Amino acid sequence: MEIERKYLVNQVPADYMEFPCHAIEQAYLCTSPVVRIRKEDDSYYLTYKGKGLMAREEYNLPLNEQAYTHLLKKADGIILTKTRYLIPLEGSDHLTIELDIFDGTYKGLILAEVEFPTEEEALTFIPPQWFGKDVTFSGEYQNSRLACDLSR
């Protein structure tokens, strides 16, 4: 089960580049249900995500580079590229901010996600001051929806 909140970010923290990061490329084979392939650095995954905005089922299966390349040719829509910075949430011993800075089609888009162990913790979360608008429940900034926005 994935439980997360998502926010637009207008102003990143000055020190964000000091934190670990991953280069991510991902594409969608299906959006209902969500079936995604992802390259993260030198690792490859196939992911299934169930319905939902804040909480939903999520299953990750490993792929090799050959399988990823084959499936990438079958993907629909836009291939998303971004750099994900992993920033420990100040004042928490177990939460991490995933700061996604998009490249390519969505260059300039910056989103922050925080995953939670429980829905209660997600619903009572008070975001850092530098987070912008909460877009968790709109679904507008789900990556699967961004990949299908062919008007870009």
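For the sequence shown, numbering that gives the first Met the number 0 begins at 0 and goes up steadily by one. Yeah, the Cβ is synthetic: ideal placement off N, Cα and C, and Gly gets one too. This one's a predicted model, so the numbers in the text were calculated from it and none came from an experiment.
*Contact belief for residue 111 with residue 130 at Cβ below 8 Å, rounded distance in angstroms*: 6 Å
*List the residues that DSSP assigns as beta-bridge partners of residue 21.*
83
*Keeping to the same chain, check which residues put their C-beta closer than 6 Å to that of residue 84; ignore five residues upstream and five downstream.*
15, 18, 20, 98
*When you compare only the Cα positions, how much space is there between residue 45 and residue 13?*
34 Å
*Within this structure, are the beta carbons of residue 145 and residue 79 separated by less than 8 Å?*
yes
_Just to confirm, is the Cβ distance from residue 52 to residue 107 under 8 Å?_
no
*asked:* I believe residue 114 touches residue 3 by the beta-carbon criterion, under 8 Å. Please report the beta-carbon distance rounded to the nearest angstrom.
replied: 5 Å
*Output yes or no for whether 8 Å exceeds the beta carbon distance between residue 5 and residue 95.*
no
*Helix, strand or coil at residue 140 according to DSSP, with G and I counted as helix*: coil
*Determine the extent of the alpha helix (DSSP H) in which residue 111 is found, giving its start and end residues.*
No alpha helix (DSSP H) contains residue 111, which is instead part of the beta strand (DSSP E) from 109-114.
_If the criterion is Cβ atoms closer than 8 Å, does the pair residue 57 and residue 1 meet it?_
yes
*asked:* If I follow the unbroken beta strand (DSSP E) through residue 57, where does it start and stop?
replied: 57-62
_residue 9 versus residue 126 - alpha carbon distance_ = 14 Å
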